[in-house]
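Protein chains in written order, with our numbering: chain A, 420 to 779; chain B, 420 to 779. For glycine and all other residues, C-beta sits at the position ideal for the given N, C-alpha and C.
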């Protein structure tokens, strides 16, 4: 099979393609659009690991019944401050949007609102949800719990997830300040990229399948936690806070090898703090901006960036110039497009023309 | 001056000494005992950087008026879920105990309680407060904001604090699981230790006073953030969430060199979640214990530890065998003891006997 070339696609076309794939896999248009927006948000910011490259997995989960195309999200616990949502295996972005809205609505009344989500699936890039809350005048904190893919400090095997933590707040002239970190020393996606390119890894990034430290990208199987016990401890606490308080443990089942532990699932947590209930929102934004300016004025060899600023700049550039998908992703999406009969204008037709190219 | 020998002191004696120093500096007995307990808690766990070695600073702040010996802590904002406490420059442990109690009390009613503390001083080891909440059946999250001592990623100067984040929860048979991390790649105290011993630092730990990376412990002045943008981004967000929502910005004033920025002060945040409002607390503890057992059963070359477990083991050992203070700390405490006329039985009398030793 001829390798695909990289392909640059305008964000609206990619959104449409994502939506059409998910509709073809059984989702309604609204939900499919929301999920596509969450993925393309990451692609725009240059975080391809959380972008449309995930569509083949999403469709596979939908087909296998691990992701529910028509979920009935229920609020199983409801107070003026707290909500626990059972997501009925909804796509992560649907559940996390619902959690964000539930938390923000409660925060408007009580100053703070907290929503737990249980039984969702891949929550995508958490910054997508916290940024939206910051744009609406909230300070937002989100985290997500998932299955064991990262080494627990000291162990020769995966024990925890690379559980992300995102915090966002209005930043005045700088726009929302969107912090979004994984608890691994490196994102899983960067191990995969290094594997594709064959570049040796820095020491301290990964273990091989036998639990030995490795710098060979072909052998790297398990990312190591950020700062050893700090990263894996934080990931463990995210599981305990999020999954146990939501009554849906993930890690223990997976580590014990139970039936329940073999199915893909995630839990999420969203905390919203309504700035209006604490202080004048204009004062808050001006203070965040003043702090940002003070940091940017520090001596440095290159421009000092705020959390999320690189992604925001990249997003503006890609919104103009399109989103460049690497060859491997193009191949997978082309195969998905063909199988689902969607995306003809960007994937399938090019495939036909490249078939013509190869014709005698 | 003859260098002091290391000195091993029983925890109750050290508690008494700490209390007496603080009473001599103007605090009432109850508050002095609370502060001494917070410091000795850290010494017992082997975290000397947050232990009685801080007493000379505390007394200096009390004498300079930066720490208020008789604070009137006021609840400036009060809802069934939220409290904002103005600590009136109380010693950090007094303010953080009050925040913990305010958050727990609200969580009993609403499921969650959040307390912000503004205008406190050194908050000591956050695990001391979150552990107590976990022992009382809560999941607890705490963080603290302080002045710029750590490099902001990409800058050649300090821009943020090594702001700590602590999360604790009941762990069944394992006792409370107490996660407590700084956002620096290394604690400030470990730089000081390396300086005393003259050991070269690992690359990536610190900058010198001019902002250049250094491995020379004598030149190391500014610790680097954990994981580059992750550590300094998290520290920045802790300032934004804690200090701006509490209407008491710290970093911007310090970075701009304002008068207000030159005085020592901190802010804190405490979130309590009452497990009883979410699920059966026995189920929660059993699940946390099940997860801990599954992690401990992973293949490893040495025993796998939970967050805070090393400190808990050390605490049990030191409770039996006493707390060994290094020579530098002994000298400083001896000087403090002499100056304040306290601690005769452990410091001053030994000083006299060592004078006798030196007598011709």
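Item	Value
Residue-level contact to chain B via CB, residue 564/A, 9 Å cutoff	no
Runs of alpha helix (DSSP H) wholly within the stretch 534 to 591 of chain A (minimum 4 residues, chain order)	546 to 554
Minimum C-alpha distance to residue 761/A - residue among 588/A, 438/A and 731/A	438/A
Residues, ordered as in the chain, of the stretch 668 to 679 of chain B that lie near chain A by beta-carbon distance below 7 Å	668, 670, 671, 674 and 675
Residues that DSSP places opposite residue 598/B in a beta bridge	586/B
Exposed unless 16 or more other CB atoms sit within 10 angstroms - verdict on residue 736/A	exposed
Local conformation of residue 689/A per DSSP, three classes	strand
Integer Cβ distance of residue 481/A from residue 511/A, believed to fall under 8 Å	That belief does not hold up - the Cβ atoms of residue 481/A and residue 511/A are roughly 12 Å apart, past 8 Å.
Anticipated Cβ contact below 8 Å, residue 550/A with residue 597/A, distance rounded	5 Å
Segments assigned alpha helix (DSSP H), at least 4 residues, entirely inside the stretch 600 to 671 of chain B	607 to 616 and 648 to 657
Contacting residues, own chain, Cβ-Cβ under 7 Å from residue 701/B (five flanking each side not counted)	none
Buried versus exposed call for residue 721/A [16 or more other C-beta atoms within 10 Å across all chains shown]	exposed
Nonlocal neighbours in the same chain, by C-beta distance under 8 Å from residue 628/A, ignoring five residues either side	638, 640 and 641
Under 8 Å by beta carbon: chain A residues contacting residue 574/B	714, 717, 718, 719 and 723
Contacts around residue 780/A, its chain only, beta-carbon distance under 7 Å, and the 5 residues preceding and following it disregarded	The structure shown does not extend to residue 780/A, since chain A is modelled only from 420 to 779, so the question has no answer here.
Beta carbon of residue 703/B nearer than 9 Å to that of residue 526/B	no
Range covered by the beta strand (DSSP E) that runs through residue 459/B	Unbroken run through residue 459/B is the alpha helix (DSSP H), 448 to 463; no beta strand (DSSP E).
Partners in chain C for residue 660/A, counting only beta-carbon separations shorter than 9 Å	The structure shown has no chain C; the protein chains it does contain are A and B.
Interface positions of the stretch 635 to 661 of chain B facing chain A (Cβ-Cβ less than 9 Å), listed along the chain	645, 646, 648, 649, 650, 651, 652, 653, 655, 656, 657, 658, 659 and 660
Closer than 7 Å at the beta carbon, the chain B residues around residue 780/A	No answer is possible for residue 780/A: it lies beyond the span of chain A, which begins at 420 and ends at 779.
Outcome for residue 595/A when other beta-carbon atoms lying within 10 angstroms are tallied against a minimum of 16	buried
Rounded separation between residue 688/B and residue 719/A - CA only	31 Å
Nonlocal neighbours in the same chain, by C-beta distance under 7 Å from residue 672/B, ignoring five residues either side	679 and 680
Which listed residue (506/A, 486/A and 591/A) has its alpha carbon closest to that of residue 659/B	591/A
Contacting positions in the stretch 525 to 537 of chain B - beta carbon closer than 7 Å to chain A	529, 530, 531 and 533
Where the alpha helix (DSSP H) containing residue 713/A begins and where it ends	700 to 715
Expected contact under 8 Å - CB spacing of residue 483/B and residue 470/B to nearest Å	Between residue 470/B and residue 483/B the Cβ distance is about 22 Å, and since that is not below 8 Å, they are no contact.
Proximity test, Cβ basis, 9 Å: residue 681/A and chain B	no
Per-residue burial, residue 778/A [other beta carbons within 10 Å of its own, 16 or more giving buried]	Its pLDDT being 38, under 50, residue 778/A is placed unreliably in this model, and the coordinates cannot settle the point.
Of the residues 563/A, 581/A, 561/A and 564/A, the one placed nearest residue 570/A, counting alpha carbons only	581/A
Local conformation of residue 485/A per DSSP, three classes	coil
CA nearest to the CA of residue 554/A, picked from 717/A, 755/A, 694/A and 494/A	694/A
Backbone CA spacing between residue 683/A and residue 485/A [nearest angstrom]	6 Å
Cut-off 6 Å between Cβ atoms - residues of its own chain near residue 651/A, not counting five sequence neighbours on either side	571, 572, 579 and 644
Three-state secondary structure assigned by DSSP to residue 682/A	coil
Partners in chain A for residue 698/B, counting only beta-carbon separations shorter than 8 Å	663, 664 and 666
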